[in-house]
Structures are given as structure tokens and as C-alpha cells.
Amino acid sequence: MVCMLDYIYEEQVTLEKILKEFNYNFEELKDITHCLILATGSSYNASLAAKYYMESTAGIYIDIQEPFNFLHYGMVDPKFDLVIAVSQSGKSTSTIYAIEKIAKSQKIKTIALTSNSESPITKVVNTTFNLNMGIEKVGFVTKGYSATVLNLMLLSLTIAFQSKRINELNMENYLTDFREVIGNIDKVIDKTEEFFDNKKDALINDQRFIAIGYGPNWGTAKEAETKFTETIRKPSQGFELEAYMHGPYLEANKMHSLFFIETDGEVLSRSEALRTYMINHVKTCYVITTKASHEKDILGLDVKIDEKVSPLLLVIPFQYLAYQVASLQGIDLEKRIFDDFDQVLQSKI
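In terms of my numbering, the sequence shown is residues 11 to 359.
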């Protein structure tokens with residue numbers, strides 16, 4: 011039986027396949043200026059992680075909305091000329107109904123990003139982009155999360171190319187950068203395995219997990235929250251760096267374990283300053299960084315990478331740790347809990 015860890019090990023090969031087979035010749039994405047993304051759960055986190063790359067590459071404005079709240083309280087801004095509905099299963103009722111609401115109110119291009127081209131969401135959009143990663147049969151998505159981030163980034167490359175913001179040479183340079191980043195995934199897994207082996211006795215006893223990220227890795231922090239909550243099932247939260255400093259830090263105590271997600275850039279010094287302060291007030295301050303490091307609580311990935319694409323690598327340690335810590339606790343992730351939840355709450359078709 012395939013487990014969550016199997017899908018993590020498949021990520022490099024899967025993302026290489028997506029990159030190789032993606033269709034960049036979609037002319038309908040020409041002249042896009044404003045894009046609304048509808049997504050929830052890990053799909054929302056992936057959209058948040060990809061947002062900054064998409065905006066800077068395609069030169070477009072992006073708004074990300076939770077579809078249920080948008081359905082009941084949101085308004086369609088007439089400036090939007092593209093809506094991307096992200097649903098790995100393609101069965102999210104709130105996302106489907108939100109797209110239907112938009113289609114009734116105005117004429118606008120709609121795209122579904124899903125792993126199932128026969129799913130219900132494909133019936134309510136103009137175009138479907140398959141995530142091209144197969145059907146992930148484990149409920150705690152890992153490979154599907156990374157595939158969503160990459161596909162969103164590649165969609166923005168398509169918008170840039172079709173709008174003549176970049177040419178074929180620029181496109182090839184972008185793709186070369188992606189190949190180099192994706193080629194490091196197995197290395198990241200190896201380094202995370204080593205880190206886990208050294209820290210597992212501490213990690214299994216941690217009682218409260220908080221991930222703190224900035225820029226595109228705000229999305230990574232939110233996905234860390236999602237994965238740890240789903241699998242380890244202990245209180246977990248993900249915060250944007252500055253947001254953590256405006257209230258949430260006040261609950262810090264020696265039961266808390268903080269994960270700082272760090273990339274080289276102008277905000278790094280702010281993260282380091284917060285970490286230096288908090289280390290005396292919490293149980294542990296772990297760091298997951300793109301830099302090299304041999305310090306005991308720091309997982310140094312030792313990769314040169316553009317900050318905007320770093321979520322493709324920085325999420326993997328959280329996926330791996332979530333699985334392994336849950337397993338150490340004796341949690342059987344293959345055993346479904348709340349088995350009637352979707353049926354009773356009608357959250358999926």
C-alpha cells in the first residue's frame with residue numbers, strides 16, 4: 011500500500027515530468043492583468059507560496075480567496091480577467107459553487123487546476139489544466155502540494171510568454187533554473203532524514219509547533235501548520251514573520267517549538283533577530299534554511315536558489331518530519347478518522 015512517504019520520495023521525478031510536459035502555448039492566457047485564485051486548505055497554501063513568483067514573472071496582480079467565504083460574502087471585481095480554481099481532487103463543493111457564481115455574474119476566463127480531468131470542477135470552467143502528477147491516494151497531500159506550486163508558477167510563465175513579456179530565450183533560462191531547483195529535491199530529502207535522525211527524540215516530545223516564514227515562504231509556514239495538524243495532531247500554527255510579532259509571541263512558553271524558515275534576502279536579518287530573542291523563551295528554535303549549516307538545531311539545505319522559487323524545496327522538510335514524527339507517535343496515517351466527515355458536512359462531491 012502506498013503511504014505518504016512514498017509520495018514524498020516521488021516528488022523529484024514527478025516535478026521533472028511536469029516541467030518537461032507542460033504546455034506553454036496556451037494563447038488564451040495572453041494579456042492577463044488581474045487574476046483571482048480560489049483555493050482552500052493545502053491548495054490555498056500552495057497558491058500563497060506561488061503568488062510572488064507569479065506576480066513578478068507575469069506582471070499581474072493576484073488575489074487569493076477562500077472559496078466558501080467568497081461564495082457567501084465576496085464580490086467579483088470587474089478588473090479580474092482570469093479565475094484559477096485550484097482543487098487537487100476537483101471535488102471541493104465550495105470551489106465549484108464559487109466558480110459557478112462568478113460565471114453567472116460576468117464573462118471571464120476560468121481555469122481549473124486539478125489532478126482529475128474528469129472531476130466535477132472541470133464541468134464548470136472554460137479550461138482544465140491537469141496537475142500531471144497522477145491521483146494522490148493519501149489524504150495528507152505532499153506530492154500534490156509541490157505539483158500545485160510548480161504548475162501555478164508555470165502558468166505565470168505561460169502568461170508572460172503569451173503576453174510577450176518574455177521571449178523564447180528568457181523562457182529557456184527560466185526552465186533551466188527550475189531544472190536545477192527540482193534536481194535538488196532528493197538532496198533535500200537526504201539532509202532532512204539526517205536532521206530527523208539527530209532530533210527525533212526531541213521532536214516526538216514537542217507539544218506545540220509554530221512555523222514562521224516570510225515572503226513566498228509564508229505559504230510554506232501555512233502548509234507546515236496544515237501538515238503537522240493533520241498528521242502529528244498536536245497544536246500547530248504557521249505565521250508570517252511580522253504577524254507573529256504582533257500578538258502571537260505573547261503566548262510563547264517552554265512548551266513551544268518554533269521553526270524559522272529562512273532564505274537569503276533583505277528580510278533575513280529580521281527573522282534572525284526574532285529567533286535570537288525567542289530562543290530564551292521557548293523550548294527550541296529550529297531553523298530550516300537554504301544556507302549551509304552544521305549547527306545542531308539548524309537544517310541547512312546548502313542550495314543556491316532564488317527566494318521566489320524556494321518554496322519548492324523548503325516545504326519538503328515539513329512533509330517528511332510530519333510523516334516521521336506521526337509514525338514515531340504510533341499514529342497510523344493509513345487509518346481514516348472522521349470517516350463520515352465529507353458526507354455529513356458535504357465538503358466534497
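From the three backbone atoms N, C-alpha and C, an ideal C-beta is built for every residue, glycine too.
Since the structure is predicted, the reported quantities are computational estimates derived from the model, not experimental observations.
By how many angstroms is the C-alpha of residue j removed from the C-alpha of residue i?
i           : j           : result
residue 112 : residue 177 : 33 Å
residue 334 : residue 343 : 11 Å
residue 326 : residue 70  : 28 Å
residue 30  : residue 250 : 33 Å
residue 55  : residue 141 : 16 Å
residue 173 : residue 61  : 18 Å
residue 79  : residue 338 : 37 Å
residue 311 : residue 300 : 5 Å
residue 255 : residue 227 : 17 Å
residue 215 : residue 332 : 13 Å
residue 51  : residue 57  : 10 Å
residue 319 : residue 63  : 7 Å
residue 81  : residue 134 : 15 Å
residue 238 : residue 179 : 41 Å
residue 195 : residue 203 : 12 Å
residue 40  : residue 89  : 15 Å
residue 279 : residue 303 : 16 Å
residue 290 : residue 19  : 36 Å
residue 132 : residue 45  : 19 Å
residue 119 : residue 189 : 30 Å
residue 130 : residue 353 : 16 Å
Under the rule that 16 or more other beta-carbon atoms within 10 Å means buried, what is residue i, buried or exposed?
i           : result
residue 116 : exposed
residue 163 : buried
residue 201 : buried
residue 355 : exposed
residue 168 : buried
residue 75  : buried
residue 348 : exposed
residue 128 : exposed
residue 108 : buried
residue 257 : exposed
Over what stretch of residues does the beta strand (DSSP E) that includes residue i continue unbroken?
i           : result
residue 73  : 71-75
residue 235 : No beta strand (DSSP E) contains residue 235, which is instead part of the alpha helix (DSSP H) from 227-241.
residue 140 : 137-140
residue 297 : 294-299
residue 270 : 266-272
residue 131 : Premise fails: residue 131 is in no beta strand (DSSP E) and is neither H nor E.
residue 48  : 44-48
So residue i and residue j are supposed to be a Cβ contact under 8 Å. How far apart are they, rounded?
i           : j           : result
residue 296 : residue 233 : At roughly 16 Å, the Cβ-Cβ gap does not stay under 8 Å, so residue 296 and residue 233 are not in contact.
residue 198 : residue 13  : So it is not a contact: roughly 19 Å between Cβ atoms.
residue 225 : residue 231 : Between residue 231 and residue 225 the Cβ distance is about 11 Å, and since that is not below 8 Å, they are no contact.
residue 193 : residue 59  : Contact flag wrong, Cβ pair sits at about 19 Å.
residue 143 : residue 166 : Between residue 166 and residue 143 the Cβ distance is about 18 Å, and since that is not below 8 Å, they are no contact.
residue 285 : residue 270 : 5 Å
residue 110 : residue 17  : Not quite, the Cβ-Cβ distance comes to about 31 Å (not below 8 Å), so this is no contact.
Residue range of the alpha helix (DSSP H) that residue i falls in?
i           : result
residue 89  : Careful: residue 89 lies outside any alpha helix (DSSP H) and carries neither H nor E.
residue 103 : 103-115
residue 218 : Note, residue 218: premise wrong, no alpha helix (DSSP H); beta strand (DSSP E) at 218-223.
residue 204 : 195-213
residue 122 : Looking at the DSSP string, residue 122 is not in any alpha helix (DSSP H); the run it does join, the beta strand (DSSP E), is 119-124.
residue 281 : 278-288
residue 249 : No alpha helix (DSSP H) holds residue 249; the beta strand (DSSP E) holding it covers 246-250.
residue 308 : Here residue 308 belongs to no alpha helix (DSSP H); instead the beta strand (DSSP E) covers 308-310.
residue 258 : No alpha helix (DSSP H) holds residue 258; DSSP gives it neither H nor E.
residue 324 : 321-324
residue 22  : 21-31
residue 163 : 153-172
Tell me which residues share the same chain as residue i and place their Cβ nearer than 6 Å to its Cβ, disregarding the 5 neighbours each side in the sequence.
i           : result
residue 275 : 317
residue 171 : 34, 181
residue 105 : 48, 77, 95, 97
residue 205 : 309
residue 42  : 70, 91, 92, 169
residue 137 : 121
residue 153 : 17, 20, 21, 24, 143, 146
Can you find the residues in the same chain that come closer than 7 Å, C-beta to C-beta, to residue i, ignoring five residues on each side of it along the sequence?
i           : result
residue 264 : 292, 293
residue 307 : 294, 295, 296, 297
residue 235 : 221, 246, 247, 248
residue 53  : 96, 97, 98, 158
residue 191 : 315, 319, 322, 323
residue 67  : 166, 167, 170
Can you find the residues in the same chain that come closer than 8 Å, C-beta to C-beta, to residue i, ignoring five residues on each side of it along the sequence?
i           : result
residue 336 : 241, 242, 243, 343
residue 103 : 356, 357, 358, 359
residue 161 : 28, 32, 123, 139, 141, 142
residue 1   : There is simply no residue 1 to check, as the chain begins at 11 and stops at 359 in what is shown.
residue 328 : 221, 230, 233, 234, 237, 238, 269, 298
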